[in-house]
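Residue numbers (the working numbering), protein chains in the order written: chain A, 1 to 114; chain B, 1001 to 1112.
Note that beta-carbon positions come from the ideal geometry of N, C-alpha and C, so glycine has one too.
Comments concern the structure below.
What follows is the structure, encoded as structure tokens:
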């Protein structure tokens, strides 16, 4: 069973601080990694994806990947109360015929305190 | 933007009923997926399809079936609904090539 592990939280950070969300995965052959944000009662929405070792930045968000350690993280700079949500880490695996599946972690709940 | 539309936002059904959940996407995506999401269990894959009339079992297919007669539509069928199928059901679609999924808004199903 391929697993994706996240700390369930809640992770509480003050407004303006950096929030750091972490994820580990078990399948060493995993190629691509995704971060989704899910507000309460809503469906997940894609924030970022990363497939190369190192950092990838998009606005206030930075995804970090270390394949040797099987570790991916999401940093949110200048956290805002509107960032309060559950963040899902997802790992891509091939499932044949050119298709793929995402395996999701259970999510980390982030609370940004004004 | 890709739009994935699920036919019902909330649904209440009785035990033993046959239930159809419909999902339609408008961007010609090859791949479509059905997940259920439960507190503490996260998102679990029920079935997926990578082409018309093709289907593959996910991690928890028991008690469910699917149909994909047209590329844009992927239906989830609960043959005989049970109370343990009360959940949030999420449909998603994607292109082949690994750029992530787009999710529908979800159907919260309650079986009484």
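Tell me, which residues are paired with residue 1013(B) by DSSP?
1111(B)
Spatial distance of residue 92(A) from residue 5(A) (CA atoms):
14 Å
Taking the alpha-carbon positions, what's the residue 52(A) to residue 1079(B) distance?
43 Å
Distance, residue 84(A) Cα to residue 1101(B) Cα
22 Å
Would a check of beta-carbon distances place residue 107(A) closer than 9 Å to chain B?
yes
Measuring only between beta-carbons, confirm whether residue 1110(B) sits less than 9 Å from chain A.
no
Would a check of beta-carbon distances place residue 70(A) closer than 9 Å to chain B?
no
Pick helix, strand or coil for residue 1084(B), following the three-state DSSP scheme.
helix
Beta-carbon proximity list for residue 1032(B), same chain, < 6 Å, skipping 5 on both sides:
1049, 1074 and 1093
Identified DSSP bridge partners for residue 58(A):
61(A)
Residues bridged to residue 1022(B) [DSSP beta-bridge criterion]:
1075(B)
Checking contacts by CB at 9 Å: is residue 1041(B) closer than that to chain A?
yes
Alpha carbon to alpha carbon, how far is residue 78(A) from residue 107(A)?
21 Å
Using a threshold of 9 Å, state whether the C-beta atoms of residue 56(A) and residue 48(A) are closer than that.
yes
Once DSSP output is grouped into helix, strand and coil, what is the label at residue 14(A)?
strand
Listed by chain order, chain B residues near residue 61(A) by CB distance under 9 Å:
None at all; the shortest Cβ gap to chain B is about 14 Å.
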